[in-house]
Every structure is written in C-alpha cells, then in structure tokens.
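For reference, the structure discussed in these notes is given below.
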Amino acid sequence: MGSTFLTRRVTFDAEHRYHRSDWSTADNERVFGVPNTEYHGHTYSCSVTVTGEVNPATGMLVDLKTLDRILDQEVVRRFHRKRINDDVPEFRTGKMTPSGENMARYIFDRVAATLPDGVTVAEVTVAEDATLSATVRRA
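If you read the sequence shown in the working numbering, its first letter stands for residue -9, the second for the next number, and so on.
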C-alpha cells in the first residue's frame, strides 16, 4: 500500500503589498508595479497536506480537532483580517515580502513545528485567488 495523505483547507481575508524598503522607489515600481504602492486584499485559501501512518484503531492519520486547532492558530488567527506587512512581524517592512511563495514556506514551517509526533507536513499551498497559488512540498 502507498503513503497516506490528508489535506485540510482554511480560508482567510488579508491585505498585503509587495515592497522592499531597501530598494529605491524606481526599483520597487519596476519589479512590483502597482502592488508596491497600494495595499490590496485577497480571500486566501490555504491547503495543508500532512502524511504519516494511519492509526488502526481510529482509521485516521491525525485527530482532526488537533489539526484544526493548529491551522486556526498558525494560519487563520495569524493572517485573518490583517494587513500582513504591518500586523505579522515576520512580514513587516524590511523583512519577508508577503508573496504567496513566502507565505507558503512560512506556514509550512509553522505547522510542521506544531504537529504531533508521527505526522509531518507534505505540502502547503497558498492561493490568492483561483488563478494564482504557490506550493511548497517536502523535499
């Protein structure tokens, strides 16, 4: 039998802008365009896929209440109704740019650090909308 994977999806509304404080205005405009100067919002979708051994007694890979608590704490509460550049310390101006790629990496690391023993993150996808998403997979 192959490996078992479980995916849980959460959503959150947040605003961000692409901007590097260590770059000139011209460089920011050239690389990021309008998202550099204006905050804009999305209804993000974040899918977290975990893997591990299925517990033969429960038939489950992980207790869903535990996974939901982790995703609420590490994703929803951290980002929902936030201006990411201002309200999430790791993404404040001068730190990480709040791109989908960086957000997926960040969420991957945060969730991975809090999962119960025997469960690991296999993949995290952060989607800004139906046309744009970024995925980080365990190597």
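Virtual Cβ for every residue (Gly too), placed ideally from N, Cα, C.
Please read these numbers as outputs of a predicted model, since none were measured by experiment.
- Item | Euclidean distance between Cα positions of THR41 and HIS6 | 31 Å
- Is it buried or exposed for ALA112, if we count other Cβ within 10 angstroms and need 16 for buried? buried
- Item | Inter-residue spacing [alpha-carbon to alpha-carbon] between HIS32 and VAL78 | 16 Å
- Item | Host beta strand (DSSP E) of GLU5 (start-end) | -6 to 6
- Message: On the CB-based measure, 16 or more other CB atoms within 10 Å of its CB, does LEU61 come out buried or exposed?
- Response: buried
- Query: Any idea what DSSP makes of LEU54, helix, strand or coil?
  - Reply: helix
- Whether PHE81 touches VAL126 by CB criterion (7 Å): no
- Collapsed DSSP secondary structure at GLU113 in the structure displayed: strand
- Could you give the distance in angstroms between the alpha-carbon of ASP76 and the alpha-carbon of TYR8? 12 Å
- Nearest to SER37 (by Cα), restricted to the options LEU(-4), PRO106, ASN92: LEU(-4)
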